[in-house]
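As structure tokens, the structure follows; a few thoughts come after it.
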Amino acid sequence: MEATTALDRLAALAQETRLALFRLLVQQGPEGLAAGEIGATLAVPAPTLSFHLAQLERAGLVLSRRAGRSIRYSTNFGAVEELLAYLYENCCQGGTTCPPGGALVTLSGVRKGKNTP
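According to this note's numbering, the sequence shown is numbered sequentially starting from 142.
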């Protein structure tokens with residue numbers, strides 16, 4: 142992953158509504174939610190929701206698909222794992238500062254390109 146891609150993804154999450162939206166979609170798994178359900182759950186007006194969804198989608202963190210008359214949004218888990226792998230790529234530099242089996246060691250070994258949670 143390029144540093145600019147990581148920065149774009151982190152910047153997309155650096156806003157309260159987008160972070161709440163992203164966390165909600167992560168909880169829903171690959172099925173995601175329809176835009177109306179997201180708006181109702183987060184109490185966000187439709188125009189505001191559309192803006193924030195577009196920002197997350199542009200950063201590659203959210204996927205959209207048409208389902209009948211609505212659009213469903215879900216987390217792009219592959220992109221999230223790539224971001225985590227990038228952030229922890231050089232974790233502890235193989236040294237002894239990370240405890241074996243610790244969260245940082247586990248995250249540093251995240252597989253790239255996986256699209257499921």
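We put the CB at the ideal spot given by N, CA and C, even for glycine.
- The Cβ atoms of Leu154 and Leu160 lie closer than 8 Å to each other.
- Across the structure, Glu223 and Pro186 are spaced so that their CA atoms are roughly 31 Å apart.
- By the Cβ-count criterion, Asn231 is exposed, with fewer than 16 other Cβ atoms from all chains shown falling within 10 Å of its own Cβ.
- Here the alpha carbons of Val203 and Leu197 stand approximately 6 Å from one another.
- By the CB criterion at 8 Å, Ala176 and Leu190 fall inside the cutoff.
- Between Ser215 and Pro171, the CB-CB gap stays under 8 Å.
- Beyond the five residues adjoining it in sequence on each side, Ala181 comes within less than 8 Å, by CB distance, of no other residue in the same chain.
- Under the DSSP definition of a beta bridge, Tyr214 partners with Leu174 and Ser205.
- Spanning the alpha carbons of Arg199 and His193 requires a straight line of approximately 10 Å.
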